[in-house]
Amino acid sequence: MKGSKQKLYRQIFNVAMFFTVGLGSLTVGIYAQKGTQDLFIVNKTGVVIAALYVTPHNSDDWGEDILGADLLPNNEELGVVFSRKETAQLWDIRIEDSDGAFIEWEKINIRAVSTITLYYKNGKATAIFDDRTPNVAGTWVGYYDDGSRSPYVWRITQNGGNITITDTKKSSTRSRGTVAGNSVRATDFATQNGTLSPDGRRIEWSDGVVWVKAPDAPDLNGVWVGYYDDGTRSPYIWNIGHVGSTLTIQDARTGGTTRSRGSIQGNKITANDFATKNGTLSADGNQIRWSDGVVWRRE
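So for the sequence shown, my numbering puts the first residue at -13; every next one is plus one.
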C-alpha cells in the first residue's frame, strides 16, 4: 500500500553517524530565516516536489506528507522542526513528484547535518549534506575515570571545525585538533580521540578521562569572603561588580575606599591595583584562589 516502506525500488544514500540525538515526531514549517529549525531541505532536483516524507528509519510506514497541500518548487527550501519526545536516531526521507515518481534516502542522522540539498540529474539521485559543527569553545575541567578531579583545566578556541586546546596553567602545552559531529580529535596529544556528549558539555577521551565544560560566562557579581591558606577566615569581605570582562573589587567593610579595577578571561582573574594581582576561578565559579594562597569564596 502507499504508506508502506516495502518498495520494489529504493534509492539509498547512507550517511555516517556523527552526533546521535533522538529527535522524535516532527512538525514542519517554512522559515524565512535560519536558526529556528533543526534542518533545511533544499530542492535542486529540477522538478517540483509534490510530497515529502521524513520518518524514523525503524518506522513501518511513511506517515503523513509534511507538505500537505503545498509544493516545494525547484531551488526553494523547507525548514523542518522536530519535537523531542522520541529517541529515534536515524531517519529516512522520501520525495514524490506530481506523477507519483519517488526517490528515497535512508539512515540519515539529521542532528549531524544542518542542510540537505537534493539533486537529480541524468537519472541519478544524489544529496549533499552540510555537517552541523558543534560549538566546543570554552573552558574544560578534567576528571579521571574514578570521578576524581584532575589538576588540569583546558581552554578550547574554535574556528569552524578546527580547534586549539591550551592548558590554562601552562600555555606552552597545547594541541591542534578538529571537531565534527560528536568526534573530537587532539592531534598533538597522546590521547587523540574524544567523543562529545549529546548536550555538548562533556568530552570522553579514549583513555577514560572526561572533560566537563565550565560555565561559559561566569557571573562574579556579589559578596566574597577571604580565607587564609590554613583555612581560617580572614577579616576581609569584598564586593565584586562584574560587567562583561571588567571587574570592580571593593572592600565591603571600609565603604569601598579600598578597591581595585580588574578583569576576567576564562578562569583567569586579574586585580590590577592589588599587590596580589593574579587569581584562578574554580570550575563552579564560586571560589577564587589568589597567587598568595588566599582564597575568596562566594557568600
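Beta carbons are placed, not taken as given, at the ideal position from N, Cα and C, and that holds for glycine. Just so we're clear, the structure is a prediction, and the values are computed from it rather than from any experiment.
Once DSSP output is grouped into helix, strand and coil, what is the label at Ile52?
In the structure shown, Ile52 sits in coil (DSSP, three-state: anything other than H, G, I, E or B).
Can you name the start and end residues of the beta strand (DSSP E) that Ile94 belongs to?
Counting along the chain, the beta strand (DSSP E) containing Ile94 begins and ends at 88 to 94.
Would you say Ile274 and Ile255 are within 7 Å of each other, going by their C-beta atoms?
Yes.
Of the residues Thr103, Ala87, Gly86, Arg80, which one's Cα is nearest the Cα of Lys93?
Of the candidates Thr103, Ala87, Gly86, Arg80, the one whose C-alpha sits nearest the C-alpha of Lys93 is Arg80.
Could you tell me the alpha carbon to alpha carbon distance between Ser336 and Arg219, rounded to whole angstroms?
Because the chain is modelled from -13 through 285, residue 336 falls outside the range shown and cannot be assessed.
Ends of the beta strand (DSSP E) at Gly128?
Counting along the chain, the beta strand (DSSP E) containing Gly128 begins and ends at 124 to 129.
Per DSSP, which residues does Ala111 bridge with? Please list them.
Beta-bridge pairing links Ala111 to Tyr106.
At the level of alpha carbons, what is the spacing between Val281 and Ile223?
Distance between the alpha carbons of Val281 and Ile223: 12 Å.
Return the CA-CA distance between Ile341 and Thr101, expressed in angstroms with no decimal places.
With the chain covering only -13 through 285, there is no way to say anything about residue 341.
Report yes or no: do the stretch 172 to 185 and the stretch 242 to 250 share at least 3 C-beta pairs separated by less than 8 Å?
No contact exists between the stretch 172 to 185 and the stretch 242 to 250.
Using DSSP bridges, identify the partner residues of Lys156.
DSSP lists no partner for Lys156.
Leaving aside the five residues before and after Trp276 along the sequence, list all residues of the same chain whose C-beta is less than 6 Å from its C-beta, in chain order.
Cβ neighbours of Trp276 beyond the five flanking positions: Thr262, Gly265.
Give me the Cβ distance between Val122 and Gly194, rounded to the nearest whole Å; I'm assuming they're in contact under 8 Å.
About 19 Å separates the two Cβ atoms, so there is no contact after all.
Which of helix, strand or coil does DSSP assign to Ser169?
Of the three classes helix, strand and coil, the one that applies to Ser169 here is strand, per DSSP.
Using a 10 Å radius around the Cβ and a threshold of 16 neighbouring Cβ atoms, would you call Val127 buried or exposed?
Result: buried.
At the level of alpha carbons, what is the spacing between His43 and Val196?
Whole-angstrom Cα-Cα distance: 32 Å.
In the structure shown, what three-state DSSP assignment does Tyr213 receive?
In the structure shown, Tyr213 sits in a strand (DSSP, three-state: E or B).
Return the first residue and the last residue of the beta strand (DSSP E) that Val195 is part of.
It is not in any beta strand (DSSP E) - Val195 carries neither H nor E in the DSSP assignment.
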